[in-house]
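Protein chains in written order, with this note's numbering: chain G, 1499 to 1803; chain F, 1499 to 1803. Glycine included, C-beta positions come from ideal geometry on N, C-alpha and C. Please read these numbers as outputs of a predicted model, since none were measured by experiment. Notes to accompany the following structure.
Protein chains: 2
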Amino acid sequence: MILTVTLNTALDLTYRVRSLRPHTSHRVSEVVERPGGKGVNVARVLAALGHEVTVTGFTGGGTGRAVRDRLAGVPGLTDALLPVAGATRRTVAVVDERSGDTTQLNEPGPQIDPAEWGTFLDRYEELLPGVSVVALCGSLPPGVPVGAYANLVRAARAHGVFVLLDTSGEPLRRGVAARPDLIKPNIDELAELTGSHEPLRATQDARRRGAHAVVASLGAEGLLAVAPEGRWQAVPPAPAHGNPTGAGDSAVAGLLSGLVEKLPWPDRLARAVALSTATVRAATAGEFDRAAYEELLTRVSVTAA
Amino acid sequence: MILTVTLNTALDLTYRVRSLRPHTSHRVSEVVERPGGKGVNVARVLAALGHEVTVTGFTGGGTGRAVRDRLAGVPGLTDALLPVAGATRRTVAVVDERSGDTTQLNEPGPQIDPAEWGTFLDRYEELLPGVSVVALCGSLPPGVPVGAYANLVRAARAHGVFVLLDTSGEPLRRGVAARPDLIKPNIDELAELTGSHEPLRATQDARRRGAHAVVASLGAEGLLAVAPEGRWQAVPPAPAHGNPTGAGDSAVAGLLSGLVEKLPWPDRLARAVALSTATVRAATAGEFDRAAYEELLTRVSVTAA
């Protein structure tokens, strides 16, 4: 079973407007509500691929109830989210109808108190024995210690559970030092971690800092993987146009589904790139277009790097 | 007892950001959640002034639950809102920290089906015998007939209940023809109704169309009242700086509280202008600054027009 951890879940709102003009009033022509936060997105894609997946982390308030109500309808997905006193944040993506450009507004997460964090650690330890893979995803809400992911990486390793870490900044720096099996930074996150903007150099440096394997996402140029087994670059057949929301989370789902199905690295990477590209192309932010995914899967180029 | 009707209630969110820049991502530094919709705002100000007030209209979904939870804590306010299948809309006001300028995003309201509208009409008829004044406020959600306010005005008059109408466009045009006791349009709404941008001419024309009395809001120049008892203009001591959200609703609350307390017209107008100005000056959108209100009350100039 795969476990995804989302400490800062979200209710993701997408608003369609004619054109966003600051300091004026806008009628929103369409509202789409989705459960969000990176680990939740990863879990939904894994469930859509037919995997059994459990989500944990924090939710609270009316927004948290909306997240859980929507997850209850996803086949294959088990909700092990913990209730907290604070309210789950909202994110608002305002999409201009004409250009398709998106303006993002992200609420801060709820304050997590030390007792709530302690309860989470206990619950996480209870879940680990039933798990083969855990994905630790996204930002930390206020009140969670900055070394939280380092703790969660160590606990997973102590149980022999494969652990992927997908975060940024100081939580990533500390988490990497705890030796996760895989990290999936984008170029900016990798540069912040290593000081280098050169993908291969930065990826190798991230491994020296503790990551067993690194899959760096290079945007339109696909993924660069550096692992003990080898180095590959996986590139989509053509640059994708659309909404990049959730594309990185779909890539994580592709990597993990390929891992539990014991696919070789090149096949895992092809799946990750195809899913990621099919997410950019989907009409709704964060969803993936299944027909596009299946068609792309045969056309991703994977070469030794 | 005063009844306010809000067919299109809202959960009003105020987001504080450094500066809104289209097509970029923003961290929201502060989120304020308030129950909203014009009639709800009027009721909250009336309750703050010590009046017993009942709110009715529609709410639904998690957002509707949030609205009702917050109204439950208001002393003197009775919740007679009807549940509907659709979800109460959100409005998002994005305030730039530096300039104080506001960008508004308004979700559409929920679809109201004919059975829900019929249930509302029954409920409204049940409430009227216990009411001395009713305020019909704001836009109509999808599915409510455009002549809705005309019906509600006629029902109130049939029960001998004083009826104020504060809306715009075709619902205002039809509502005015049903002969409400008072309307409170702003200059744009009045121009849309009458074709005239000249305040006194337009106000007199609105009376000929059926409104017993008209209080036109002239922005920084205060209020112009034309009633069978006379004509007055009420002007604040100085132009108010701040957030105009809810200023018109505070003016309505001032007029109605003065009416039920049997104050003469000039005193009602002074109260309306002082409340409205104290709302613009308040730190939180839609709240009023009580100290500013009491100080302004003695300084509003009311003259025969």
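Between G:Val-1590 and F:Pro-1606, the gap from beta carbon to beta carbon reaches 9 Å or more. In this model, F:Gly-1571 and F:Arg-1707 are separated by some 40 Å (Cα to Cα). Runs of the beta strand (DSSP E) spanning 3 or more residues and lying entirely within the stretch 1631-1678 of chain F occur at 1631-1635 and 1660-1664, in chain order. Under a 10 Å Cβ-count criterion, G:Ala-1745 is classified as buried, with 16 or more other Cβ atoms of the shown protein chains found around its own Cβ. The three-state secondary structure of G:Thr-1692, taken from DSSP, is helix. For G:Ile-1500, the three-state secondary structure derived from DSSP is strand.
For G:Arg-1706, the enclosing alpha helix (DSSP H) starts and ends at 1697-1706. Sequence-distant partners of F:Gln-1609 (beyond 5 residues in either direction) whose C-beta falls short of 7 Å from its own C-beta, in its chain, are Gly-1584, Pro-1640 and Gly-1641.
Look at F:Pro-1627 here: in three-state DSSP terms it is helix. Contact between the stretch 1551-1565 of chain F and the stretch 1608-1628 of chain F is established, with three or more Cβ pairs separated by less than 8 Å. Of the residues F:Asn-1741, F:Pro-1742, F:Ala-1772 and F:Thr-1743, the one whose Cα lies closest to the Cα of F:Gly-1756 is F:Ala-1772. In the pairwise beta carbon analysis, the stretch 1655-1671 of chain F is classified as touching the stretch 1620-1636 of chain F: at least three pairs are separated by under 8 Å. Nearest C-alpha to F:Asp-1686 among F:Arg-1672, F:Arg-1797 and F:Ser-1715: F:Ser-1715. Taking a Cβ-Cβ cut-off of 8 Å, the neighbours of F:Asn-1604 in chain G comprise Ser-1523, His-1524, Arg-1525 and Val-1526, given in sequence order. If you look at F:Pro-1764, you'll find it in the alpha helix (DSSP H) that goes 1763-1779. Secondary structure remark: continuous beta strand (DSSP E) runs of at least 3 residues inside the stretch 1536-1572 of chain F, in chain order: 1551-1557. Think of a sphere of 9 Å around the beta carbon of G:Asp-1664: no beta carbon from chain F falls inside it, the nearest being about 18 Å out.
G:Val-1592 has a beta carbon lying within less than 9 Å of a beta carbon in chain F. Bounds of the alpha helix (DSSP H) holding F:Glu-1793 are 1788-1795. For F:Leu-1638, not one C-beta of chain G is nearer than 9 Å to its own C-beta. Between G:Leu-1680 and the set G:Arg-1672, G:Val-1750 and G:Ala-1689, the nearest pair of CA atoms involves G:Val-1750. Between G:Leu-1721 and G:Ser-1774, the gap from beta carbon to beta carbon is short of 9 Å. Under DSSP, G:Leu-1757 shares a beta bridge with no residue. Bridge partners of G:Leu-1716 according to DSSP: none are assigned. Listed along the chain, the chain G residues whose CB falls inside 9 Å of the CB of F:Thr-1601 are Leu-1518, Arg-1519, Pro-1520, His-1521, Thr-1522, Ser-1523 and His-1524. Between the stretch 1503-1520 of chain F and the stretch 1534-1542 of chain F, the count of Cβ pairs shorter than 8 Å is three or higher; the stretches touch. G:Gly-1598 is a Cβ neighbour of G:Asn-1741, given a cutoff of 9 Å.
A residue is called buried once 16 or more other Cβ atoms fall within 10 Å of its Cβ, and G:Arg-1788, having fewer, is exposed. Interface residue (Cβ-Cβ distance to chain G less than 9 Å): F:Ala-1564 is classified as such.
The beta carbons of F:Val-1515 and F:Glu-1595 sit closer together than 9 Å. Not flagged as an interface residue toward chain G: F:Leu-1670, since no C-beta distance is shorter than 9 Å. Between the alpha carbons of F:Gly-1693 and G:His-1524 lies a gap of roughly 25 Å. As the crow flies, the alpha-carbon of F:Tyr-1791 is around 5 Å from that of F:Ala-1776. Assignment of beta-bridge partners to F:Arg-1514 by DSSP yields F:Glu-1528 and F:Val-1593.
In this structure, G:Thr-1801 lies near G:Gln-1731, with their beta-carbon atoms less than 9 Å apart.
Taking 9 Å as the CB threshold, F:Leu-1511 lines the interface with chain G.
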